[in-house]
Each structure stands twice: as C-alpha cells, then as structure tokens.
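Each step along the sequence shown adds one to the number in full-length UniProt numbering, with nothing skipped, and position 201 is 201.
The beta-carbon is built from N, C-alpha and C at its ideal position, and this holds for glycine as well.
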Amino acid sequence: MVARALERPRRLLMVALLLGVPAAAALAAGWASSLALDDLKDSARAQLALYNANLRAELERHAAVPLALAQDEEVRALLVNPTPAAVDRLNRKLQGIAQALDALALYVMDAKGTTLAASNWHSAASFVGENFSYRPYFRMAMDQGEGHHFALGTTSLIPGYYTANRVMAENRTVGAVVLKLGFDRLERGWTPGQEKLLVTDRDGVVFITNMPSWRYHALPRRLPISLPIVPEGTSEGLDVLPWAFGGASDRIALEEKDGQRRYLLTSVAMPGGDWTLHSLTSLDPVTARAWVAGLLAAAAVAMAALTAYAVALRRVALVERIALQEESRAELERRVAAATADLRAAENELTQAAKLAALGQMSAGIAHEINQPLAAMRSFADNAVVLLERGRMDAVRGNLAEIAELTDRMAAITRQLKGFARRASGTLGPVSVQGAVTQALALLESKLRREDITVEVDLPDQPVRVMAEDVRLQQVLVNLIGNAADAMRGCPVRRLRIGLVAAEGEALLSVADTGGGIAEADLPRLFVPFFTTKEAGEGLGLGLSISHGIVEDFGGSLAAANRNGKPGQGAVFTLRLTTTEQGT
Numbered sequence: 001m002v003a004r005a006l007e008r009p010r011r012l013l014m015v016a017l018l019l020g021v022p023a024a025a026a027l028a029a030g031w032a033s034s035l036a037l038d039d040l041k042d043s044a045r046a047q048l049a050l051y052n053a054n055l056r057a058e059l060e061r062h063a064a065v066p067l068a069l070a071q072d073e074e075v076r077a078l079l080v081n082p083t084p085a086a087v088d089r090l091n092r093k094l095q096g097i098a099q100a101l102d103a104l105a106l107y108v109m110d111a112k113g114t115t116l117a118a119s120n121w122h123s124a125a126s127f128v129g130e131n132f133s134y135r136p137y138f139r140m141a142m143d144q145g146e147g148h149h150f151a152l153g154t155t156s157l158i159p160g161y162y163t164a165n166r167v168m169a170e171n172r173t174v175g176a177v178v179l180k181l182g183f184d185r186l187e188r189g190w191t192p193g194q195e196k197l198l199v200t201d202r203d204g205v206v207f208i209t210n211m212p213s214w215r216y217h218a219l220p221r222r223l224p225i226s227l228p229i230v231p232e233g234t235s236e237g238l239d240v241l242p243w244a245f246g247g248a249s250d251r252i253a254l255e256e257k258d259g260q261r262r263y264l265l266t267s268v269a270m271p272g273g274d275w276t277l278h279s280l281t282s283l284d285p286v287t288a289r290a291w292v293a294g295l296l297a298a299a300a301v302a303m304a305a306l307t308a309y310a311v312a313l314r315r316v317a318l319v320e321r322i323a324l325q326e327e328s329r330a331e332l333e334r335r336v337a338a339a340t341a342d343l344r345a346a347e348n349e350l351t352q353a354a355k356l357a358a359l360g361q362m363s364a365g366i367a368h369e370i371n372q373p374l375a376a377m378r379s380f381a382d383n384a385v386v387l388l389e390r391g392r393m394d395a396v397r398g399n400l401a402e403i404a405e406l407t408d409r410m411a412a413i414t415r416q417l418k419g420f421a422r423r424a425s426g427t428l429g430p431v432s433v434q435g436a437v438t439q440a441l442a443l444l445e446s447k448l449r450r451e452d453i454t455v456e457v458d459l460p461d462q463p464v465r466v467m468a469e470d471v472r473l474q475q476v477l478v479n480l481i482g483n484a485a486d487a488m489r490g491c492p493v494r495r496l497r498i499g500l501v502a503a504e505g506e507a508l509l510s511v512a513d514t515g516g517g518i519a520e521a522d523l524p525r526l527f528v529p530f531f532t533t534k535e536a537g538e539g540l541g542l543g544l545s546i547s548h549g550i551v552e553d554f555g556g557s558l559a560a561a562n563r564n565g566k567p568g569q570g571a572v573f574t575l576r577l578t579t580t581e582q583g584t
C-alpha cells in the first residue's frame, strides 16, 4: 500500500528532474541573457558615446592653433617675403609651440605647397623644402579655407591627423598653416580593459586602436556584421582583422590565450562620415548572468520537486509532520525570491549609477544658479501657508506670483545655457546688441556676483541691430566681460561699465573696467596669438586673438586702450560694428 502511494510522487519527481529542471534552466538563462544583453548594449552605447566625445575632444583640442597662426602677422610676412632670418625665427617659434602642444609637427607652406618653416626644421626628417601640394588637406585648405586629413607621413613615416588653414595676405592666398597631431596619448588612455577600441577610415582600415596588433588591418568583408559606414575601398594586400562570426550580426568571436571569447560589436560614425569608431565589449558578463539565472532556476525547480516529494513521503508516512514540511518549502521559496530580488536590485543600482554619472556632468554647472530660486520658492511657499491660515489672500496671491516668477527665472537660466551652447550657424544677419549684452551678463551673473563687481549698463532705449552672428557675438562679449572681471580681482574698486553708441551706420560697444589697466608695451601685442598677461596656466593667450578674428569676420574691429589714456586706471575694449536698418 505504501509502495503504491509512493509510486506516483516518484514518477513526478523524475519528470521534474529530467524535464522540468533543464527547461526551467533554459528559460531562465534565456530571459536573463536577454535582459543582460539589453543592459550591455545600453552600457556599450553609452561608453562608445564617451569614447567618441573623447576622440572628438582630442581632434578639436588644438583646432584653433592653425587658425590663430594663419592670422599671425609674422607668418603672413614670411609667406610674402621668405627671408632666411624670418624663416629661422619662425622655425624656432613653431618648434616652441609644437613642443608646448605635444604635436607631431607644425609647419607653414607657401601657395605652391612647399614647406618654408617647420617645427622639425632641425631633425633629419625635416619638412622644410618638402612639397606637399598633393596632400588632400592642403588642397582643401586652398579651396575651402580649412582642411582635415588622416594619413601616413611620407617624410616621417608616422601617421597623424592633419589640420590646415589658409593664410591670406594682401587680399590673396599666400599659403597655409598645418598642424599634425598624433594619437599616442589617446591610445594610452584607451588601455585595453572591458572594451577593445578601434577607429577605421572610409576604406575600413584600422589606424587608431588600443590593440597594437590590429593597427593597419582591414575590416573583414564577408562577416555578417552591421556597420554605420560601408567601406568604399578594398582590403586586397592588407592583413584582415582576426574576427570570426560570433552568432549574430553584432557578435564577434576572437581566439585568445584562454580560448575563444565572444564580444559585442558597437559602432558609430564620426562627424563627416569618413571615420567609424568601434568597440568590442566582452559578452562574459552576459554569459555569467545567464549561467547564474539558469542555475538558480534549476536549483529552485529541483528544490521544489524534492520538497514536494519529501512532503508526499511525509504525508504517507507521518501526517503529523505535514505542517513542518510546508514551512520548510515556504522558507526555500522565500530564499529564492530574496535572491531574485537581490539580483534585480543590483541591476537597478547599476542602471541608476550610469544615469547619475551622466547627470552629474550636466548638472554641476547650473546647480548653483538654480539652488537660489529653489530656496526662495521654498520660503515663499512656507509664507503662503502661514498667510493662508491667517486669511490674507492678497498676500498669498503675491507669494504665488513670486514663485511663478522664480520658475520663469529657472527656465531662463537653462534656456540661456542651451542657447549659448548651441553650435554657431556661421551666417551673418541682424543681431540685437542689447540682447547679446543681456545674454552675456546673464551667463556671467554668478561670477560677477561672486567677485562683488558693480555692473553699469548704458544702452539706448531703441533697439540697435548690427551685422553679426548671435552666438559668436555673445562669445566675444563673454570673453571681454570675463577678462574684465579677472583684471579687477583684488582691486578695491570693482566696477564694470558697458556702453553703446550708434550713429552714421556704426555702433560702438565698449567694455570698461577699473582694474590695473594694460602696460603700454603690451598694447601692440594684445591681439597676437599666444600672448597673455595672465599667470601661467590661466590661459593660452588665444581668447582676445579669436575675438579679434570674429569681429573682423563681422566686418568690424576690436580695439583696446587704457581708461583716460593712463595705465593703472583700468582698461576699455571697443567693438566697432556695422548697424543694419531698424526693425530688420
């Protein structure tokens, strides 16, 4: 009788162990693998965006250097009249700048593509005398004013990224300034970790990577991989990356010392469409989470089957112990549920950490400006509660109106930062001078308040519009106002005055301070690139030079002088801009 009663529980136990455990493990592993893969893809895309920004920052870090040198009078003079003495002076100047920038080379070419001066003038692989007119960056600079190109140096045999800017003198093109940057520092920062990183050109050839053995290898063309850019060239004659099919269009298998490993391939096209940034992220975490989930599910099913079998046995043998078995089974289920909850909590913590890391980068700059309106809003809200209890409805309405104004102020802060951060269009048109001044002062409000600087604004009531570009005009004003604030640091009287006078088709906008003024010997060199009167480490000396160039692009001029014509009484910078018709 007992044997017959135990037969059915035994059969059910065998079915659960032989079929239920593998099925549960497979389902749980597949579910966990899907979730883990989605998380890994999100993380890989976020990491790739950071690497992309890192690469773009490295490319743009010194983008202003050739532009500034293209406006250098010494460079223009050399291209117009290349005397030996001028060549020697410029060679040494370029050498010093290249060393300070950690650049591979910095050189000046005439209109025919012959190098007249170079930072490596003293080395065996000197560019001086070499003709690079066939290089794409030179042709682009001559035709468009600016050129970029990555290539292997024909003289140095060192790969680098070239940035060239056209040099104009006497209303004609006289040559170009070229900066060559290497990627050693960037690749050192990309030390192989969880990701393997590489950048390919339009032909699918690797030229930047944290895997040295992959450099100058071509992407495989027969794998079903998904890329944002289809290589245009051919990989014939080049070694191909040792990639094998990893089971999907975004999976790559690699043979490594400890056996074959699979990676998730994530790619993004760089701006311009010529380069593609790829990352290979190990799929080991996905596999590990799938194994853990499968084992937990298998253990849970096995434990449940064994528990059910034990309960059946005890029901047959000892009815009085059924309650104890049920309690044991409930405890096992609680532990499984707790383990699953812990796993989900860990996943949520990882996701939240990634979100906080991104939010931290964006929120640090505006937290101070928003905290003050928030504190005021809390105070008005508390007062409104008290006033409401006292029945003073008019005062309550006033407090609510103040809160509404504060919310408008917070919205204005974020709107100003967003507007200032957008990329300039490069198109000139009518721009309100009063609006540009208001935006610049709003952006620097916290700095001026922190430095205890009194601001005096003398602007006409009628709108004055000038031919300019809004974002770049704000950039000039922010630079001038910021320099004025720095110049008044530590002075007993700190007063900033902004004045505007418009007459006869011109507008004169002045920014004056009460700082120490400008030394007479420094006035002629104030707008020369890399000249600065600030302490070492506080600036490259490009701010005023770039501002001067921007105003000249507007068809205007930027001048500097001492207030009252005497050093020690402060400085005044004057923008002369062309006005447009009122209301246009």
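How is the alpha helix (DSSP H) around residue 267 delimited, first residue to last?
Unbroken run through residue 267 is the beta strand (DSSP E), 259 to 269; no alpha helix (DSSP H).
Look up residue 449 in the DSSP assignment and say whether it is helix, strand or coil.
helix
Give the DSSP-derived three-state secondary structure of residue 303 in the structure shown.
helix
Would you identify the three-state DSSP class for residue 566, choosing helix, strand or coil?
coil
Could you check what DSSP says for residue 112 in three-state terms: helix, strand or coil?
For residue 112, the three-state secondary structure derived from DSSP is coil.
By how many angstroms is the C-alpha of residue 544 removed from the C-alpha of residue 480?
Rounded to the nearest angstrom, the two C-alpha atoms are 8 Å apart.
Which residues bound the alpha helix (DSSP H) around residue 470?
470 to 487
DSSP three-state call for residue 351: helix, strand or coil?
For residue 351, the pLDDT reaches just 29, beneath the cut-off of 50, and the residue's location in the model is therefore unreliable, although a value from the coordinates is still provided. Three-state DSSP puts residue 351 in a helix.
Three-state secondary structure assigned by DSSP to residue 490
coil
Can you give the Cα-Cα distance for residue 500 and residue 467, rounded to whole angstroms?
15 Å
With a CB to CB cut of under 7 Å and the five nearest residues on each side skipped, what residues in its chain are close to residue 169?
If we look at residue 169 and ignore the five residues flanking it on each side, its Cβ neighbours are 76, 79, 80.
The alpha helix (DSSP H) with residue 66 in it runs from where to where?
64 to 70
For residue 455: DSSP bridge partner residues
496
So, are the CB atoms of residue 488 and residue 517 less than 7 Å apart?
The answer is no: Cβ separation not under 7 Å.
Should residue 551 be labelled buried (16 or more other beta-carbon atoms within 10 Å of its own) or exposed?
Around the beta-carbon of residue 551, 16 or more other beta-carbon atoms lie within 10 Å, marking it buried.
Does the Cβ of residue 295 have 16 or more other Cβ atoms within 10 Å, making it buried, or fewer, making it exposed?
exposed
According to the neighbour-count rule (16 or more other Cβ atoms, all chains shown, within 10 Å of its Cβ), is residue 596 buried or exposed?
Lying outside 1 to 584, the shown extent of the chain, residue 596 is not represented and no answer is given.
Taking C-alpha atoms, which residue in 303, 433, 196, 14 lies nearest to residue 253?
196
Given that a residue counts as buried once 16 or more other Cβ atoms are within 10 Å of its Cβ, and exposed if not, what is residue 289?
buried
Please go through the same chain and pick out, in chain order, the residues whose beta-carbon is closer than 6 Å to the beta-carbon of residue 48, but skip the five residues on each side of it.
The residues are 266, 268, 279.
Okay, do the stretch 102 to 114 and the stretch 163 to 182 touch, 3+ Cβ pairs below 8 Å being the bar?
Yes: the two stretches touch, three or more of their Cβ pairs being nearer than 8 Å.
Based on Cα-Cα distance, which residue from 11, 297, 430 lies nearest to residue 29?
Considering only alpha carbons, the answer is 297.
Residue span of the alpha helix (DSSP H) that contains residue 438, given as start and end
433 to 443
Count Cβ pairs between the stretch 50 to 58 and the stretch 139 to 149 that sit closer than 8 Å; are there 3 or more?
Cβ pair count under 8 Å is below three, so no.
Checking 7 Å against the spacing of the C-beta atoms, do residue 332 and residue 377 come in under that value?
no
Just curious, the beta strand (DSSP E) that residue 84 is in, first and last residue?
Per DSSP, residue 84 is not a residue of any beta strand (DSSP E); the alpha helix (DSSP H) it occupies stretches across 84 to 101.
Residue 124 to residue 91, Cα distance in whole Å?
15 Å
Quick check on residue 352: buried or exposed, where buried means 16 or more other Cβ atoms within 10 Å of its Cβ?
Only weak support exists for where residue 352 lies, its pLDDT of 32 falling under 50; the value from the coordinates is given anyway. Its Cβ having fewer than 16 others within 10 Å, residue 352 is exposed.
Where do the ends of the beta strand (DSSP E) carrying residue 207 lie?
It spans 206 to 209 - the beta strand (DSSP E) in which residue 207 sits, taken as one unbroken run.
Range covered by the beta strand (DSSP E) that runs through residue 573
571 to 578
Measure the beta-carbon distance from residue 111 to residue 94 and round it to whole angstroms, keeping in mind my assumption that it falls under 8 Å.
At roughly 19 Å, the Cβ-Cβ gap does not stay under 8 Å, so residue 111 and residue 94 are not in contact.
Residue 173, DSSP secondary structure in three states:
strand
Environment of residue 555 [buried if 16+ CB atoms lie within 10 Å]
exposed
Given a cut-off of 7 Å, decide if residue 484 and residue 497 are closer than it, judged by their beta-carbon atoms.
no
What did DSSP end up calling residue 546 once you bin it into helix, strand or coil?
helix
Test item: CB-CB of residue 453 and residue 494 under 7 Å
yes
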